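In the UniProt record's numbering, the protein residues as written are 1 to 385.
Only one structure is covered here, and it is reproduced in the block below.
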């Protein structure tokens, strides 16, 4: 009897220890494979197997009671490591060589040069200004086919040679863009259309620009976050796979993904959306700097529930600066603060905001990209380590 009780106690204690592991801890799957404790959203293999009914919930080992599970180690990588490496790979495209002095020579006798960013430093006081060449080479426009040709609708961001990061709600049916409430609206066009997003335009500063610097790609696959909620707009994030690799140039190259949680007080949102309710969509790519709202300030001014982990809020308390209709899916970004200083990092994806966009004190809501970094990396660089 004593032996039986002892065994039961050992099992209970062992289970208790296994059930209190923190995110990032090593663990064992039900098949006794090595794993790493990760959130569901960061373990697409498990999510896809559950969705396809290849496994059941009982086959998933919980690391703790907070939605952290044991993710098989073969898909587990150090979060942000590959994103950081890819960011550095494109740095040469963001710089131009300049002479620093005729009297200073390299050891081989050539003139010493230094690198300078091709785009100017952005002053964090701009508002509604036109972007210029080289500034946002990752900006994408998404389009669908009509009887009159391609209609360009919402925004996105090039994040690799084959993938564009965007929002989910307008990818398949524009009816997803219906008003959330009488107060809030998704920042995309309210076209009740069954037309499907099929095209991505890159390299443009102008909506109708059609020169040798502009390229249009076909969308061959849409990857929607498996936990997207069409009611609350939680997890409003998606990836578009292009039909061929994008050829990078000084006009087109990816934006860097965030390798840490960003909390900058100011960030830049870009897009070709409207400049206010009732206005036509902008023909030019525009940029505006917004101020960060704390979680408390955001929830006090937005009736829609705000998820602190997956959403961030930016707006302006005193001026009509905002994202607006047609900007949905586009980026909010900050200048890179590490070695790749000529690049930007995307920290959010435009999701929704006030119906009367540009209302002082009412922020727009952006998807927090860092919250989904593992999900993104495991898809776009699935064959790389």
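Just so it is clear, CB atoms sit at the ideal spot from N, CA and C, and this is done for glycine as well.
Note that the coordinates shown come from a computational prediction; the quantities given were computed from them, not determined experimentally.
Based on Cα-Cα distance, which residue from 132, 314 and 303 lies nearest to residue 269? Nearest option by C-alpha distance: 314.
Inspect the CB distances between the stretch 227-247 and the stretch 290-301 and report whether three or more fall short of 8 Å. no
Please report how far the alpha carbon of residue 208 lies from the alpha carbon of residue 319, in whole angstroms. 29 Å
Looking at the structure shown, is residue 62 part of a helix, part of a strand, or coil, going by DSSP? strand
Sheet register partners of residue 157 (DSSP bridge): 139 and 165
What residue does the alpha helix (DSSP H) around residue 298 start on, and which one ends it? Per DSSP, residue 298 belongs to the alpha helix (DSSP H) from 295-301.
Can you tell me whether residue 232 is helix, strand or coil according to DSSP? coil
Locate the beta strand (DSSP E) running through residue 87, then write down its first and last residues. Segment 81-89 is the alpha helix (DSSP H) holding residue 87; no beta strand (DSSP E) there.
Report the residue ranges of all beta strand (DSSP E) runs contained in full by the stretch 204-277; include only those spanning at least 3 residues, in chain order. 215-224, 238-242 and 266-271
Closer than 7 Å: is that where the CB of residue 162 sits relative to any heavy atom of the ligand ZN? This structure does not include the ligand ZN; it has no bound ligands of any sort.
Buried versus exposed, by CB contacts within 10 Å (16 or more), residue 344: buried
Could you tell me whether the stretch 45-64 touches the stretch 76-91, where touching means 3 or more Cβ pairs closer than 8 Å? With fewer than three CB-CB distances shorter than 8 Å, the stretch 45-64 does not count as touching the stretch 76-91.
Please report how far the alpha carbon of residue 138 lies from the alpha carbon of residue 221, in whole angstroms. 19 Å
Helix, strand or coil for residue 382, going by three-state DSSP, please let me know. coil
Helix, strand or coil: which one does DSSP assign to residue 40? helix
Measure the C-alpha to C-alpha separation of residue 64 and residue 46 and round it to an integer number of angstroms. 16 Å
Helix, strand or coil, according to DSSP, for residue 352 in the structure here? In the structure shown, residue 352 sits in a strand (DSSP, three-state: E or B).
Please confirm whether residue 255 and residue 158 have their CB atoms less than 8 Å apart. yes
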